Every structure is written in structure tokens, then in C-alpha cells.
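Asks: According to full-length UniProt numbering, numbering within the sequence shown proceeds without interruption in unit steps and concludes at 410.
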Amino acid sequence: MSLYFSASRLSPFSIKGSSVRKIQYGVAAAMLGTSVALAIASMPVSAKEVVKIAFVGPLTGGVSSIGLGGRNSADLAVKLRNADPQTKYTYELVTQDDECKPNVGVQVATKISADRGIVAGVTHFCSAVAMGTVGVYNRFGLPVVVWGAVLPDITYGNNFKEIHRVNGTMINQSEVAAKFMTGLGYKKWAIIHDTTDYGKGHNKYFSEFLKRDGGTVVGTFGVTADQQDFTSELTKIRELKPDVVYFGGLTPLGVRIRTQMEKLGIKAQFEGTSGIKSDAYIEGTGKQLSEGSLAFIEGAPWEKLPGGLFFTGKYQQQKYGEPPEAYGVFAFAATNLIIDAIEKVGPDRKKVRDVLNGTRDADTVIGKVTFDDHRQNVVPLVTKYVVEDGKWVIWEDSSYGKGKKKLAGL
């Protein structure tokens, strides 16, 4: 029972002078104390420190669907952490568009690196952009986790402690793709690749593994990333009569090439890289023409992992205007790795970098993540996808994988 109520039960007329005054003072003090306590209770809890993380990807241009899916996925990671009362900080995502252009990427990288309020970055889908920016992040000491670019030299071509990558490389993709396709019985390939580092890298590694596995390259054609007409290249390819047309490039070019193959009557199997594994590829070519197209993505089939189900469920709840696409889960995982590091050591670039460098068997939506001595995630497998009935389907789950349908030329 409070002092206020205890005192109020006494009659002042039954107590002599000084005692009355003591009780009056006690009542006043009790009332004051109660008022202060109520005032303190009604004050807002002191706000958490705001920590900024950058996201960089192609938000406009031909591969914007991938970039927007990555941005949304990073945003989802931030929102989920901010909703957790146990989180030490409030996280803010600073989003930048690199347009999949190296010169723009360098400008954006410099901008976020120079902002000392940004502690780390989730950066880049396009390999040429990532290659152009690694030196910037190293110079400014900004730790980043690459979420989509696959050129090996991004991590293996330097010893920058600030550069990490959560997805695998085109070496992983190319080795599996060559072995898988020769295993199906294909013999002859025509290769079309864009002339960026990305396309040239895929051509290099895929050709090497293909030769090792007994395949033959009957022709190789480099094309520019903005090329519209492929009549010259495809006419020559038609004359070479390959079993497979392999494309090393991104979705916009892949759509044009696949469409023009059909117009020229080329019935070879169409095989792409992770660069075409997007809903935009199917939308651009159409359900019928995209049917049977192949692509390869490094990492386990996240759709079957418990974390993958969690991710897709939470993503759908947010009602984003775009799908996460193939690399959204990698952006989600990269953002969470960064937040985990900040929660552990605070918003200090160097300390966060060091924690990321020591990542071993971290549980993520894409499975366990371990960075090797070049801060490259050790990816144990590559997932094969085929377009079936207007959707990308894991090969083993598809009618093709089960022998109910056949790819072109088999």
C-alpha cells in the first residue's frame, strides 16, 4: 500500500501540531515521487543507434530485374532485424544504382565509401562493375560482401581484405555445365559470349572444361553487350550445325539471341549461364520459345532449404513489386552476415571486416557459408535449372530430368 493512501486514512485532527506537519510533508513527498515515476515511465525509451549499410546493384537497365530483386532482399533482411527487439542497433539501407556500368559503379563505390556513416556494403551483380570497384573499397577500408558477380578475379585476383563474396564463381558453374551437358550426350558446341569480362570469363572456363570432358567447340563468337542484330553470327552458326548453342552473357542479350535463333531456323539446344536465370528471360522470349533453356546457379537449391522457405514466405508478406530473382537469396544472406558482424563488434569498419574474414560455417538462407583465404565462399555444388511450362525448374524435379521430356537434339 502506498504512503499516499496510508496517510490519507489518518485524521489530522487526532494528531498534534508537529506530527501533522510531518505527515503533510510525507504525503507531499510521496505525491511528488509518484508524479516523477509516472513521468519517467511515459518517456520514450532512448532510440537505438542508427547504423547504415549500403546496397549496390543494377536498379535500371537491362538486368534491373536482378538488381531490384537483390535490393528488396537486402531490404527484407534489414526490416526483419529492425523488428527484433534483441537487435542492438537500428539498421538503415542506403541503396545505390550502378546501372551495370563500370564507370557508374566506381562513382557509386566512391560515394558510399567516402560516407563514414556507412559501415559495410552489399555490392554488385555485374562482374565488370565489381572488378572496377574492388580497389575503391580497399582504399577506403569499406568491407563489402558481393552478392551476385561471378568473375573469379573479384576475390582471387587480389588480396584485398575488404572484399568478400557469398555466391560462387563462374569456374564452379562452367565445370558443372560442361560435365552435365557432355554426360547427356551432346558433342558439338557453338559459343556466343559478350565481350565484357563476364562473357569472356565464361567462354574461357567453359571451353576449357568442355575440352577436358570430350566436347568440341566448332565456333566462338564475341558480341557487344548492346548488340541488337545477330544475323551474321547466327548464320555462320547455322552452317556449323552445332548440337548446342552456349551463351555467356546476361538476360537482355540472351533474349535477343534465342529469339533470332528461332527466326533463322536454328534448332540446337540453348544453354546459358546464371546470367539468364531470371523471370525476365522467360517473359522476353515467351513461354514456348524459352521451353527447355538451361542455366546453372552456384549453391544448393535454396528453394528446398528450411531457410529458403522462410525467405520466400517473408518476401511474399512484404508484397514487393518485383520477385527476388535468382540472386535475391544471396543478397539476403550477405546482408545478414554483415548485420551479424556489426552486432558482435559494433559499427566499426575494420572490426566488421575482421569478423567477416573469419566467417566459418555460418548458418544462412543459402546454407553454410565459409570464406576461404581470399574471402570467397566455398560453394560445394551448383544447381541445374531448365525452363518448363514457363518456369525455371530444378533439373532433377523437372520432366526433363525424370525422362518424360527430351531436350533439343537428344
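Cβ coordinates follow ideal geometry from the N, Cα and C atoms, glycine included. These numbers come from a predicted model, not from an experiment.
How should residue 345 be labelled, buried or exposed, when 16 other C-beta atoms within 10 angstroms of its C-beta is the threshold for buried?
Replies: Position 345 of the sequence shown, counted from the first residue, corresponds to residue 345. Exposed, because fewer than 16 other Cβ atoms sit within 10 Å of the Cβ of residue 345.
Asks: Enumerate, from N- to C-terminal direction, the unbroken alpha helix (DSSP H) stretches of 4 or more residues contained entirely within the stretch 228–266.
Replies: Runs of the alpha helix (DSSP H) inside the stretch 228–266: 231–240, 251–263.
Asks: For residue 313, which of helix, strand or coil comes out of DSSP?
Replies: Position 313 of the sequence shown, counted from the start, is the residue given in the question as residue 313. Looking at residue 313 - three-state DSSP - the assignment turns out to be helix.
Asks: I'd like to know whether the C-beta atoms of residue 225 and residue 251 end up nearer to each other than 7 angstroms.
Replies: Within the sequence shown, the letter at position 225 stands for residue 225. Within the sequence shown, the letter at position 251 stands for residue 251. For residue 225 and residue 251, no; Cβs fall outside 7 angstroms.
Asks: Output yes or no for whether 7 angstroms exceeds the beta carbon distance between residue 296 and residue 147.
Replies: Counted from its first residue, the sequence shown places residue 296 at position 296. Counted from its first residue, the sequence shown places residue 147 at position 147. No, the pair does not count as a contact, with Cβ atoms beyond the cut-off.
Asks: Look at residue 178 and residue 206 and say whether their C-beta atoms are less than 7 angstroms apart.
Replies: The residue labelled residue 178 in the question sits at position 178 within the sequence shown. The residue labelled residue 206 in the question sits at position 206 within the sequence shown. Against a cut-off of 7 angstroms, the Cβ pair of residue 206 and residue 178 comes out as a contact.
Asks: Quick one: is residue 402 buried, meaning 16 or more other Cβ sit within 10 Å of its Cβ, or exposed?
Replies: In the sequence shown, counting from the first residue as 1, residue 402 sits at position 402. Answer is exposed; the Cβ neighbour count stays below 16.
Asks: If we count the other Cβ atoms within 10 Å of its Cβ and call it buried at 16 or more, is residue 400 buried or exposed?
Replies: Your numbering for residue 400 matches position 400 in the sequence shown. The residue in question, residue 400, is buried, as its Cβ has 16 or more Cβ neighbours within 10 Å.
Asks: Using the C-alpha atoms, what's the distance from residue 157 back to residue 378?
Replies: For the purposes of this step, residue 378 is identified with residue 378 of the sequence shown, where counting begins at 1. For the purposes of this step, residue 157 is identified with residue 157 of the sequence shown, where counting begins at 1. Cα to Cα, residue 378 sits roughly 16 angstroms from residue 157.
Asks: For residue 90, tell me which candidate among 322, 367, 340 has the shortest Cα-Cα distance.
Replies: Taking the first residue of the sequence shown as 1, we reach residue 90 at position 90. For the residues 322, 367, 340, the minimum Cα distance to residue 90 belongs to 340.
Asks: Which of helix, strand or coil does DSSP assign to residue 5?
Replies: Indexing the sequence shown from 1 puts residue 5 at position 5. Summary for residue 5: the model assigns pLDDT 25, below 50, so the residue's position carries little reliability, and this model does not support an answer.
Asks: Taking all protein chains shown into account, do 16 or more other C-beta atoms lie within 10 angstroms of the C-beta of residue 360, making it buried, or fewer, making it exposed?
Replies: Translated into the one-based positions of the sequence shown, residue 360 becomes position 360. Exposed, because fewer than 16 other Cβ atoms sit within 10 Å of the Cβ of residue 360.
Asks: When burial is assigned at 16 or more other CB atoms within 10 Å of the CB, is residue 381 buried or exposed?
Replies: Taking the first residue of the sequence shown as position 1, residue 381 is located at position 381. By the 10 Å Cβ count, residue 381 comes out exposed.
Asks: Helix, strand or coil: which one does DSSP assign to residue 98?
Replies: Numbered from 1 along the sequence shown, position 98 holds the residue referred to as residue 98. Coil, per DSSP.
Asks: Comparing C-alpha positions only, which one of 355, 294, 128, 255 sits nearest to residue 412?
Replies: It is not possible to answer for residue 412, since the shown part of the chain is limited to 1 through 410.
Asks: Hey, could you find the ends of the alpha helix (DSSP H) residue 77 is sitting in?
Replies: As a first step, residue 77 is located in the sequence shown; it is residue number 77 there, counting from the start. Start and end: 64–82.
Asks: Quick check for students: name the residue ranges of the beta strand (DSSP E) that lie wholly in the stretch 196–232, counting only runs of 3 or more.
Replies: DSSP runs (the beta strand (DSSP E)) wholly in the stretch 196–232: 216–223.
Asks: From 234, 271, 305, 238, pick the residue whose C-alpha is nearest to that of residue 367; which is it?
Replies: Within the sequence shown, numbered from 1, the residue matching residue 367 stands at position 367. Out of 234, 271, 305, 238, 305 has the C-alpha closest to the C-alpha of residue 367.
Asks: With distances taken Cα to Cα, identify the nearest neighbour of residue 198 among 175, 275, 338, 387.
Replies: Translated into positions along the sequence shown, residue 198 becomes position 198. When only C-alpha atoms are compared, the closest one is 275.
Asks: For the beta strand (DSSP E) containing residue 163, name the first residue and the last one.
Replies: Taking the sequence shown and counting its residues from 1, the one referred to as residue 163 is at position 163. Unbroken beta strand (DSSP E) run through residue 163: 163–165.
Asks: Which runs of the alpha helix (DSSP H), 4 residues or longer, sit entirely within the stretch 109–163?
Replies: Complete alpha helix (DSSP H) runs here, min 4: 127–140, 153–156.
Asks: With a Cβ-Cβ cutoff of 7 angstroms, do residue 242 and residue 300 count as a contact?
Replies: Within the sequence shown, the letter at position 242 stands for residue 242. Within the sequence shown, the letter at position 300 stands for residue 300. No. Outside cutoff.
Asks: Suppose you measure from the CA of residue 233 to the CA of residue 149; what does that come to, to the nearest Å?
Replies: As a position in the sequence shown, residue 233 is number 233, starting the count at 1. As a position in the sequence shown, residue 149 is number 149, starting the count at 1. For residue 233 and residue 149, the distance between alpha carbons rounds to 27 angstroms.
Asks: According to DSSP, is residue 173 helix, strand or coil?
Replies: As a working note, residue 173 is residue 173 in the sequence shown. It is helical.
Asks: Considering just the uninterrupted stretch of the alpha helix (DSSP H) at residue 344, what are its terminal residues?
Replies: For this step, residue 344 is matched to residue 344 along the sequence shown. Note, residue 344: alpha helix (DSSP H), 328–345.
Asks: Under three-state DSSP, which class holds residue 405?
Replies: For this step, residue 405 is matched to residue 405 along the sequence shown. Coil at residue 405, not helix or strand.
Asks: If we cut at 7 angstroms on Cβ distances, does residue 68 have a partner in chain D?
Replies: Structure shown: chain D not included; a single protein chain is present.
Asks: By Cβ distance, which residues of its chain are closer than 6 angstroms to residue 405, with the 5 residues on each side in sequence left out?
Replies: As a working mapping, residue 405 is identified with position 405 in the sequence shown. Around residue 405: 399.
Asks: With distances taken from CA atoms, which of 68, 60, 51, 363 is nearest residue 308?
Replies: Counting from 1 along the sequence shown, the entry for residue 308 is found at position 308. When only C-alpha atoms are compared, the closest one is 363.
Asks: Let's see if you can read the secondary structure: which residues bound the alpha helix (DSSP H) around residue 288?
Replies: On the sequence shown, residue 288 is found 288 positions in, with the first residue counted as 1. Here the alpha helix (DSSP H) through residue 288 covers 287–290.
Asks: Do you know whose CA, among 54, 57, 48, 74, lies nearest residue 320's CA?
Replies: Within the sequence shown, residue 320 is the residue found at index 320, counting from 1. It is 74 whose Cα lies nearest to the Cα of residue 320.
Asks: So the candidates are 358, 95, 273; which of them puts its Cα closest to the Cα of residue 170?
Replies: Walking along the sequence shown from the start, residue 170 turns up at place 170. Residue 170 has its Cα closest to that of 273, out of 358, 95, 273.
Asks: Could you check the C-alpha separation between residue 390 and residue 115 for me, to the nearest Å?
Replies: Working through the sequence shown from its first residue, we reach residue 390 at position 390. Working through the sequence shown from its first residue, we reach residue 115 at position 115. Going by the C-alpha atoms only, they are around 43 angstroms apart.
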